[in-house]
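Just so we're aligned, residue 2 is where the sequence shown starts under the working numbering, counting upward by one. Idealized CB from N, CA, C, for every residue including glycine. Just below is one structure, and these are the notes that go with it.
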Amino acid sequence: MSLEPFSPPTGEWYHPDEELVKNTHVPDYDALYQEAMTDIEAFWAKQAEALEWYEPWERVLDSSEAPFYKWFIGAKTNIVHNALDRHTKTWRRNKLALIWEGEQGDRRSMSYWRLWQETNRFANVLKSMGINKGDRVTIYMGRIPEIMIAMLACAKIGAVHSVVYGGFSEQALADRIEDAQSRVLVTADGAWLRGGIVPLKETADEAVRRSPVVESVIVVKRTGQDIHMEPGRDYWYHDLINLPIASTKCETEVMDAEDPLFILYTSGTTGKPKGVLHTHGGYQLYTSTTLKWVFDMKDDDRWWCAADPGWITGHSYIVYGPLILGATSFMYEGAPTHPYPNRWWRMIEDYGITILYTAPTAIRGLMRFGDAWANRHDLSSLRLLGSVGEPINPEAWRWYHTVIGKERCPIMDTWWQTETGGFIIAPMPSVPLKPGSATRPFPGLDVDVVDEAGNACAPGEDGYLVIKNPWPSMLRTIFGDPDRYVEQYWHRYEAQGWYLAGDSARKDEDGYIWVIGRIDDVIKVSGYRLGTAEIESGLVSHPAVAEAAVIGIPDEVKGNHIEAYCILVADAEASDSLVEKLKDHVRHEVGPIAVPTRISFVDSLPKTRSGKIMRRVLKARALGLPEGDLSTLED
Ligand code: PRX
Numbered sequence: 002m003s004l005e006p007f008s009p010p011t012g013e014w015y016h017p018d019e020e021l022v023k024n025t026h027v028p029d030y031d032a033l034y035q036e037a038m039t040d041i042e043a044f045w046a047k048q049a050e051a052l053e054w055y056e057p058w059e060r061v062l063d064s065s066e067a068p069f070y071k072w073f074i075g076a077k078t079n080i081v082h083n084a085l086d087r088h089t090k091t092w093r094r095n096k097l098a099l100i101w102e103g104e105q106g107d108r109r110s111m112s113y114w115r116l117w118q119e120t121n122r123f124a125n126v127l128k129s130m131g132i133n134k135g136d137r138v139t140i141y142m143g144r145i146p147e148i149m150i151a152m153l154a155c156a157k158i159g160a161v162h163s164v165v166y167g168g169f170s171e172q173a174l175a176d177r178i179e180d181a182q183s184r185v186l187v188t189a190d191g192a193w194l195r196g197g198i199v200p201l202k203e204t205a206d207e208a209v210r211r212s213p214v215v216e217s218v219i220v221v222k223r224t225g226q227d228i229h230m231e232p233g234r235d236y237w238y239h240d241l242i243n244l245p246i247a248s249t250k251c252e253t254e255v256m257d258a259e260d261p262l263f264i265l266y267t268s269g270t271t272g273k274p275k276g277v278l279h280t281h282g283g284y285q286l287y288t289s290t291t292l293k294w295v296f297d298m299k300d301d302d303r304w305w306c307a308a309d310p311g312w313i314t315g316h317s318y319i320v321y322g323p324l325i326l327g328a329t330s331f332m333y334e335g336a337p338t339h340p341y342p343n344r345w346w347r348m349i350e351d352y353g354i355t356i357l358y359t360a361p362t363a364i365r366g367l368m369r370f371g372d373a374w375a376n377r378h379d380l381s382s383l384r385l386l387g388s389v390g391e392p393i394n395p396e397a398w399r400w401y402h403t404v405i406g407k408e409r410c411p412i413m414d415t416w417w418q419t420e421t422g423g424f425i426i427a428p429m430p431s432v433p434l435k436p437g438s439a440t441r442p443f444p445g446l447d448v449d450v451v452d453e454a455g456n457a458c459a460p461g462e463d464g465y466l467v468i469k470n471p472w473p474s475m476l477r478t479i480f481g482d483p484d485r486y487v488e489q490y491w492h493r494y495e496a497q498g499w500y501l502a503g504d505s506a507r508k509d510e511d512g513y514i515w516v517i518g519r520i521d522d523v524i525k526v527s528g529y530r531l532g533t534a535e536i537e538s539g540l541v542s543h544p545a546v547a548e549a550a551v552i553g554i555p556d557e558v559k560g561n562h563i564e565a566y567c568i569l570v571a572d573a574e575a576s577d578s579l580v581e582k583l584k585d586h587v588r589h590e591v592g593p594i595a596v597p598t599r600i601s602f603v604d605s606l607p608k609t610r611s612g613k614i615m616r617r618v619l620k621a622r623a624l625g626l627p628e629g630d631l632s633t634l635e636d
């Protein structure tokens, strides 16, 4: 555990401004936390009144088949009703739901009314292609408004979306299509990134070749470059939504609160990605409540969550959470440094962004270019900042706070996961901050740091992060693999009924939680979660490689970078050109984010007697640290 790039508590405090606290939704965190913990079910039932339900619930929580918890049993709903439909009947119909800027500088914006109409049109297209309630649709696109429309259209008709991040490549996409058994794939001809084009359609074609369960491919024309369109399989998005069947009226499917909303694949211990499943009812309540309180979302805010819609952060806090609250969101297509490192700051000034939510890796990446790029712009519209995805080191925290927030804006460091659906440990503007800590649990959650046996760790002591009670937006299962769901998250503390997060952490004497890093074979690279097994199988799929092991090494900007150790097959020769070929191979098979920075060729790998690679030993050696307990080492 101590090998993680963890910055210890510095003892610094940041106290919120009294004026700011007075006007927030939750001026007293402690009181609200107390209220919630007194009766958790009553607490969530009360918050659920902020939403509209087609039919009310009979019971808030059903634990009879734990850990397969159910929330709002008997309630009828659809997340799109609360995210769009209801707003079209109020003044919000004219409010901007989305302001968007392309990397090339093109701009679009959509009112709630317009977004609702576009969603309806595409929902009708999907229906006409035979997509019904419960069917899966894979979405593979860049950061353009259509990704949001496609997700909402699926949800509207009760289909289950599976968004695959546009940075993934052929095999990763093919595996996810195959696992979800999607008959329809929605993609784009390409995406703009750093002035170039990411060839999404080319990758999609290869993925569909490998996973032929896809019958139809819908293609958004984004870049306009030449692409192959397979007759009878591929259709242009703009052609379809202009057909008479694509009317702007579409009934919203009445769903059970526990009906599936989406699958989102995330990396775990094995090479097979896990399809984390979320549902309509509890998820909409939790994402909207957490966003409202942690980021104090108000009607006149301009919210910018700079994540990709293809990750959970985008699902919960670009698409669903903000729309349910009727907020105005900003979305940007491209790279933060294109064409110059002032791009983000220029857009904050141009659009009057009031809240910026991003990842430490992006902050460190921009910090590298110095203060002048930010100082050139008027950032006074900002009132709150946020961080997610990995621990934020105090140096990046201070830069973000001083240079971007001008020492006025508190930083909401939010700890959560694909599996949790929403913030689990996070402050609110009224909570005093300690740079580097996500502070304390959200009301309604009992979070702790415990040892192997489940005893609470003493302040400052490393242990496992656990969540001790269910919450509305918890994952319901792993798609198609309920045993893995139980094994992965609930097995370790079965007797206590606690959720194992897979992170190590410390709690300090004030009850603040400091997340250290993953305890499993997951590497966080630039905030992206990658399984060592997925990268290793990418390497081994190259004919020259017999065996491979990858590890994460602390990196100043990315948090971690990847180093790989490969055993070659007998007739392959180690060379610099082979290193380049292998990097290229991983780029194609898994995606650019998974490419190792260094590849070394070795004759053997440290393994346990049962044949499991001891990555811990490789990592200790690479960092020049003690190798620890070697008693299980085979050789
Ligand atoms: O290790 C923790 C880290 O990211 C993991 C979850 O990754 P993912 O499912 O991709 O979701 C990321 C966005 C919610 C966690 O197990 N992590 C996330 N947020 C933080 C964090 N580590 C420290 N501080 C955070 N604020």
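The three-state reading of DSSP puts asparagine 561 in strand, counting E and B together. Excluding five sequence positions before and after aspartate 190, the CB atoms of its chain that fall closer than 8 Å to its own CB belong to Leu201, Lys202, Val220, Val221, Lys222, Arg223, Thr224, Gly225, Gln226, Ile228, given in chain order. Around the beta carbon of glutamate 535, 16 or more other beta carbons lie within 10 angstroms, which makes this residue buried.
For proline 555, the enclosing beta strand (DSSP E) starts and ends at 546-556. Bridge partners of histidine 162 according to DSSP: Val138, Phe263. The C-beta distance from proline 444 to tyrosine 34 rounds to 5 Å, short enough to fall under 8 Å.
Within the DSSP bridge table, the entry for isoleucine 514 names Thr440, Lys508 as partners. Counting along the chain, the unbroken beta strand (DSSP E) around isoleucine 356 starts and ends at 356-359.
By the C-beta density criterion, glutamine 105 is exposed, having fewer than 16 other C-beta atoms within 10 angstroms.
The segment 453-463 and the segment 430-443 do not touch, with fewer than three beta-carbon pairs separated by less than 8 Å. Residue environment analysis places lysine 525 among the buried positions, since at least 16 neighbouring C-beta atoms fall within 10 angstroms of its C-beta. Within the same chain, and ignoring the five residues on either side of tryptophan 345 in sequence, the residues whose Cβ sits closer than 6 Å to its Cβ are Pro337. By the neighbour-count criterion, in which a residue is buried when 16 or more other Cβ atoms sit within 10 angstroms of its Cβ, aspartate 136 is buried. Annotation: isoleucine 425 to valine 570 spans about 46 Å, alpha carbon to alpha carbon. In this structure the segment 561-578 does not lie against the segment 350-357, because fewer than three pairs of beta carbons, one per stretch, are closer than 8 Å. Looking at the DSSP output, glutamate 102 sits in a beta bridge with Arg108, Tyr333. In this structure, arginine 365 has its CB at a distance of at least 8 Å from all heavy atoms of ligand 1. For methionine 256 and tryptophan 193, the gap between their C-alpha atoms comes out near 36 Å.
By the neighbour-count definition (other C-beta atoms within 10 Å, threshold 16), isoleucine 41 is a buried residue. Counting C-beta atoms within 10 angstroms of its own C-beta, proline 340 has fewer than 16 neighbours from the protein chains shown and is therefore classed as exposed.
The alpha helix (DSSP H) runs of length 4 or more contained entirely in the segment 140-205 are, from start to end of the chain, 146-157, 171-181. Methionine 149 is positioned such that its CB atom lies no closer than 9 Å to that of phenylalanine 296. In the DSSP secondary-structure assignment, glycine 276 is bridged to Tyr266.
Note: aspartate 257 is bridge-paired with Lys77 in the DSSP secondary-structure output. Take the alpha-carbon of valine 209 and the one of alanine 175: they are about 6 Å apart.
Between glutamate 462 and tyrosine 513, the alpha-carbon positions lie close to 12 Å from each other. In this chain, the beta strand (DSSP E) harbouring phenylalanine 602 covers 599-602. Its chain contains Leu540, Cys567, Ile568, Leu569, Val570, Ala573, Leu583 as the residues whose beta carbon lies nearer than 8 Å to that of valine 546, once the 5 sequence neighbours on both sides are disregarded; these appear in chain order. A direct Cα-Cα distance of roughly 12 Å separates glycine 159 from lysine 77. Just so you know, the alpha carbons of lysine 250 and asparagine 121 end up roughly 6 Å apart.
Per the DSSP secondary-structure output, threonine 415 pairs in a beta bridge with Val389. The alpha-carbon of isoleucine 364 is positioned some 42 Å away from that of lysine 128. Excluding residues up to 5 positions away in sequence, Asn343, Trp346, Leu367, Val404, Ile405 lie with their Cβ nearer than 8 Å to the Cβ of alanine 375 in the same chain. The DSSP-derived three-state label of valine 587 is helix. Here glycine 371 is exposed, its C-beta having fewer than 16 other C-beta atoms within 10 Å. Contact between the segment 313-320 and the segment 499-518 is absent: fewer than 3 CB-CB pairs across the two stretches fall below 8 Å.
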